[in-house]
Structures are given as structure tokens and as C-alpha cells.
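So the structure is just underneath, and the comments pick up after that.
Number of protein chains: 2
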Amino acid sequence: MLHSGPVQPFYFLGNSTGPWLIKTSTAIIGAPIPEAERVTVSGGIHSPLQEENQWIFKGVVSNHRYTNRDEKESLVAVQEGLNRPQATCAAMILIKKSEAWWELPQDERRAILEQQSEHIKTGMKYLPAIARKLYHSRDLGESIDFITWFEFAPEHEKDFNALVAELRKTREWEFVEREIDIRMVKETV
Amino acid sequence: MLHSGPVQPFYFLGNSTGPWLIKTSTAIIGAPIPEAERVTVSGGIHSPLQEENQWIFKGVVSNHRYTNRDEKESLVAVQEGLNRPQATCAAMILIKKSEAWWELPQDERRAILEQQSEHIKTGMKYLPAIARKLYHSRDLGESIDFITWFEFAPEHEKDFNALVAELRKTREWEFVEREIDIRMVKETV
Numbered sequence: 007m008l009h010s011g012p013v014q015p016f017y018f019l020g021n022s023t024g025p026w027l028i029k030t031s032t033a034i035i036g037a038p039i040p041e042a043e044r045v046t047v048s049g050g051i052h053s054p055l056q057e058e059n060q061w062i063f064k065g066v067v068s069n070h071r072y073t074n075r076d077e078k079e080s081l082v083a084v085q086e087g088l089n090r091p092q093a094t095c096a097a098m099i100l101i102k103k104s105e106a107w108w109e110l111p112q113d114e115r116r117a118i119l120e121q122q123s124e125h126i127k128t129g130m131k132y133l134p135a136i137a138r139k140l141y142h143s144r145d146l147g148e149s150i151d152f153i154t155w156f157e158f159a160p161e162h163e164k165d166f167n168a169l170v171a172e173l174r175k176t177r178e179w180e181f182v183e184r185e186i187d188i189r190m191v192k193e194t195v
Numbered sequence: 007m008l009h010s011g012p013v014q015p016f017y018f019l020g021n022s023t024g025p026w027l028i029k030t031s032t033a034i035i036g037a038p039i040p041e042a043e044r045v046t047v048s049g050g051i052h053s054p055l056q057e058e059n060q061w062i063f064k065g066v067v068s069n070h071r072y073t074n075r076d077e078k079e080s081l082v083a084v085q086e087g088l089n090r091p092q093a094t095c096a097a098m099i100l101i102k103k104s105e106a107w108w109e110l111p112q113d114e115r116r117a118i119l120e121q122q123s124e125h126i127k128t129g130m131k132y133l134p135a136i137a138r139k140l141y142h143s144r145d146l147g148e149s150i151d152f153i154t155w156f157e158f159a160p161e162h163e164k165d166f167n168a169l170v171a172e173l174r175k176t177r178e179w180e181f182v183e184r185e186i187d188i189r190m191v192k193e194t195v
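Keeping their order, the protein sequence lines are chains A and Z. The first sequence begins at 7 in this note's numbering and counts up by one. The second sequence begins at 7 in this note's numbering and counts up by one.
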């Protein structure tokens, strides 16, 4: 049976105690975020304390906004989950899109995202090596619109670099006004 | 220039001091909400106090999820805003849809909502008499998914009744697992 309780947020915390050690934190577009040493991802109902973290970003796993039936079934058939033992590398990409993007009607956002930019198709090419989870932040009043969390084995880092390079050349990315790219390795304290 | 700050929530408060006097509060589907005398709609960053209100529902004005370019332009051309002096009647409809709805891919939700149920087209028939504003609540962790607020003049109450009766007969409504219908008149204390 499907869970039908209220949607719960996930918190992404930049701190000194998390299991993910930050290697690089790069502002690709727009302003950087404060420095932190490590990252914790925490689900649940209790808000984390601001003073214990260099930064906090919040997001929810929500319904798919663009994926159609065929794409969803292809994704589900091929993708793997987070927390695979060999996937000791992670990346966290924070994205804020422009007001011009959000003002577009649904059909035009879909056309830019997939027909023009092949966002879903490009992500699919790198499955199952690059596991991916999308969190929505905009409606929560956050300063960014999306958090995407990726996990992969060290030998697939070059594939991940190719994936983000492909996406950054697309028409969709012309609507991105802030992008932060944080790379991590798993190293439990 | 478009506002580009963070999205702010709106609070819908059931209390004894608001400008909208409740005439009826009806659970159309599922459990009712606690009784209250009046309603306040409050935008902004400060959370209201639980103890001062019989109930609190929170929602955000977000991007359009289904509307295409033609529909959006037709809506913008015809619709009128809230707070018209003659619109002394209001209705607040709280909706929760099933997990089966939220699991559907985007193309199938769109097909049910418009091709099969004519949700957008039906709302359009009653413009500009019935003004409407949609607030999204699901991703905020609320117990309901949507708050829709309507305002109309007393002579259009029969039209509003016809509008909700039409929508409640649709395929889309088979996915509604809770619906509360609150009717109000403006009567500043």
C-alpha cells in the first residue's frame, strides 16, 4: 500500500559531522554558498538547528512534473536507488530558474525541457551508473528551486561530468540563473 | 519587473475575527474540519498562532501545472481579480487527491484533468463572474493538496453551484478523496 500521509521535507545540511566529505563546491552560475566541510541528508519532521550548520537547504520528493508514461516506465525499469555500497561519490546540484521560466505555461516548459533539451533522455543514458533523486524547493520558500542528489562509483565520475556538461549546453539552461555544484566522497566520521 | 524573491505562503485561518463570515462548512467527501465562525486570508512570512485559530491551512501560489499557452492567454484575457467590491460572497474548497493520482505521469494527469474532465474549460465558462485563485499545499506537508478560493456577487451564487456540480461529476473527481466546501459572506467586524 502506498504511503498517504503528509509530504515530509528532506534537509541538506552543510556541517562538520556528516558522512559526505566535500571535495569541491563550485558556483557555476551566480553567487556561491558558504563553505562547509561535510554534508548530511536528513529526512523527517524536525527542523535542523541553524547554528549547527553552515547551510541548510530543504526539499520535498514530489510528483513528476514533466515525465510522461513511457519515460516514467523506462526510468523505473533502469534506474537504481541511492545508498549502493559501490557508489561512494555524490554530487549535489542546486538550481534556481528565472521568473521567465516559471511564467511559461506547462506545454512550453515541457517542450524546452525535453523536445529541445532532451533532459530526461540525457539522464537516461547514464543510468544505472548515475543514480539520481530530485527534490523540489521553490514552493517551500527556499532561495533555490531544486536540489538534485546523485550517487555513483568513482570510475563513473567522468560520466557524471559528461552528463552535467551536456545539460549545461541546452536551451533549458538559458533559464538557470543560479547553479551550485558540490562534489563529495563518502567518509563516515 | 517580475518579483523574484522566495515564494511566500498564504495562511487561511478559521477564527472569530476574520472579515469573511462562514455560512456553511460542508464535508463533500471525507472528514469535516473543526467549526469556526469566520475566515482570514493572510499572506506573509509570519506563521499564525495555532491557539488563536480553530484551523489553519497553508498554500502557495505556484506555477501553472497543466495550463497550456492558449488556455493561459484565454484565462488572462477574461478573468478578474479578487477583492472586487460587488463580490461579497466567497467559497473556499479544500481538496485532497489520492496517491493513485499523484503517481500518474504528467501526460495522464493532464489528459484526465482537461481532455476527459474539461476542468479548465468549465472554469472558463464562469469567468469573469466567478473569480478564482488556486493555492498549492501538498508539498508544504499539509493534510490537503489544494485550497481554491472563489469570489462572486450574490446573484452569481447559482452559477458557482453549477460550476462545482459540473466538476464533481467528472473523471478527475474520482481521484478526490477529501473535499470540504466552505461558503462565506464579507462582513467586516
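For glycine and all other residues, C-beta sits at the position ideal for the given N, C-alpha and C.
Z/Ile101 and Z/Arg177 look like a contact to me (Cβ under 8 Å); what is the Cβ gap, rounded to whole Å? As a first step, residue 101 of chain Z is located in the second sequence; it is residue number 95 there, counting from the start. As a first step, residue 177 of chain Z is located in the second sequence; it is residue number 171 there, counting from the start. With a Cβ gap of about 15 Å, Z/Ile101 and Z/Arg177 do not count as contacting.
In chain A, which residues lie less than 8 Å from Z/Gln121 when you measure between Cβ atoms? Within the second sequence, numbered from 1, the residue matching residue 121 of chain Z stands at position 115. The contacting residues do not exist; Z/Gln121 stays about 13 Å from chain A at best.
Under 7 Å between C-beta atoms, does Z/Asp113 make it to chain A? Locating residue 113 of chain Z in the second sequence gives position 107, where the first residue counts as 1. So yes, Z/Asp113 belongs to the interface.
Give the secondary structure of Z/Ser68 by DSSP, where H, G and I count as helix, E and B as strand, and everything else as coil. Here residue 68 of chain Z corresponds to residue number 62 of the second sequence, with the count starting at 1. The three-state secondary structure of Z/Ser68, taken from DSSP, is coil.
Sub-7 Å separation of A/Ile188 and A/Ser31 beta-carbons: Here residue 188 of chain A corresponds to residue number 182 of the first sequence, with the count starting at 1. Here residue 31 of chain A corresponds to residue number 25 of the first sequence, with the count starting at 1. Contact flag set, yes.
Name the chain Z residues whose beta carbon is nearer than 8 Å to that of A/Ser149? Taking the first residue of the first sequence as position 1, residue 149 of chain A is located at position 143. In chain order: Pro12.
Residues that A/Ser68 contacts on chain Z, provided the C-beta gap is smaller than 9 Å: Reading the first sequence from its first residue, position 62 is the one you call residue 68 of chain A. Those are Trp108, Arg144, Asp145, listed as they occur along chain Z.
Would you decide whether Z/Thr73 is buried or exposed? Buried here means 16 or more other CB atoms lie within 10 Å of its CB. On the second sequence, position 67 is the one that residue 73 of chain Z refers to. Buried is the call here.
Kindly indicate the opening and closing residues of the alpha helix (DSSP H) around Z/Ser48. In the second sequence, residue 48 of chain Z corresponds to position 42, counting from 1. DSSP places Z/Ser48 outside any alpha helix (DSSP H); the residue lies instead in the beta strand (DSSP E), whose first and last residues are 44 to 49.
DSSP three-state call for A/Ser80: helix, strand or coil? By 1-based counting over the first sequence, the position of residue 80 of chain A is 74. Correct three-state label for A/Ser80: helix.
Using a Cβ-Cβ cut-off of 7 Å, state whether Z/Tyr17 counts as contacting chain A. Along the second sequence, one-based indexing puts residue 17 of chain Z at 11. So, not an interface residue.
Find the nearest neighbour of Z/Glu157 within the set Z/Met190, Z/Gln14, Z/Pro15, Z/Pro12, judged by alpha-carbon distance. As a first step, residue 157 of chain Z is located in the second sequence; it is residue number 151 there, counting from the start. Cα-wise, what sits closest to Z/Glu157 is Z/Met190.
Quick one: list the residues of chain Z neighbouring A/Arg75, beta-carbon separation under 8 Å, in chain order. The sequence position of residue 75 of chain A within the first sequence is 69, counting from 1. Here the neighbours are Pro111, Asp113, Glu114.
Short of 8 Å in beta carbon distance, which residues of its chain neighbour A/Pro54, apart from the five on each side in sequence? Order them along the chain. Counting from 1 along the first sequence, the entry for residue 54 of chain A is found at position 48. So the qualifying residues of the chain are Tyr17, Leu19, Ser48, Ile62.
If you compare alpha carbons, which of Z/Glu183, Z/Lys64, Z/Glu105 is closest to Z/Met98? Working through the second sequence from its first residue, we reach residue 98 of chain Z at position 92. Residue Z/Lys64 is the option with its Cα nearest to Z/Met98.
Using the three-state DSSP reduction, which class does A/Ile118 fall into: helix, strand or coil? Position 112 of the first sequence holds residue 118 of chain A. Helix.
Spatial neighbours of A/Ser143 within its chain, please: CB distance less than 7 Å, with the 5 preceding and 5 following residues excluded, ordered by chain position. Position 137 of the first sequence holds residue 143 of chain A. The residues are Phe63, Lys64, Gly65, Ile150, Asp151, Phe152, Ile153.
Does the CB of A/Lys4 have a neighbour CB from chain Z at under 7 Å? Only positions 7 to 195 of chain A appear in this structure, which leaves residue 4 of chain A out of reach.
If you measure from the beta carbon of A/Tyr141 to each beta carbon in chain Z, is any gap under 7 Å? Within the first sequence, the letter at position 135 stands for residue 141 of chain A. No, its Cβ sits nowhere closer than 7 Å to a Cβ of chain Z.
Does the distance from the CB of A/Ile136 to the CB of A/Phe181 come in under 7 Å? As a position in the first sequence, residue 136 of chain A is number 130, starting the count at 1. As a position in the first sequence, residue 181 of chain A is number 175, starting the count at 1. No; because the gap between Cβ atoms is not below 7 Å, this pair is not in contact.
Excluding five sequence neighbours on each side, which residues of the same chain lie with their C-beta closer than 6 Å to the C-beta of A/Ala96? As a working mapping, residue 96 of chain A is identified with position 90 in the first sequence. Sequence-distant partners of A/Ala96 (beyond 5 residues in either direction) whose C-beta falls short of 6 Å from its own C-beta, in its chain, are Trp26, Glu157, Met190.
Check whether chain Z comes within 7 Å of A/Lys78, counting only Cβ atoms and requiring the distance to be less than that. The sequence position of residue 78 of chain A within the first sequence is 72, counting from 1. So, interface residue.
Tell me whether A/Gln112 is buried or exposed, calling it buried when 16 or more other Cβ atoms sit within 10 Å of its Cβ. If you number the first sequence from 1, residue 112 of chain A lands on position 106. With 16 or more Cβ atoms within 10 Å of its Cβ, A/Gln112 is classed as buried.
Assign Z/Pro15 to one of two classes, buried (16 or more other C-beta atoms within 10 Å of its C-beta) or exposed (fewer than that). Counting from 1 along the second sequence, the entry for residue 15 of chain Z is found at position 9. Counting Cβ neighbours within 10 Å, Z/Pro15 comes out buried, since at least 16 surround it.
Determine the direct distance from the alpha carbon of Z/Val82 to that of A/Gln38, and round the result to whole angstroms. By 1-based counting over the first sequence, the position of residue 38 of chain A is 32. By 1-based counting over the second sequence, the position of residue 82 of chain Z is 76. Gln is not the amino acid found at residue 38 of chain A; the sequence shown has Pro there. Spanning the two alpha carbons is a distance of roughly 37 Å.
Can you check whether the C-beta of Z/Tyr72 is within less than 7 Å of a C-beta belonging to chain A? Working through the second sequence from its first residue, we reach residue 72 of chain Z at position 66. At least one chain A Cβ lies under 7 Å of Z/Tyr72.
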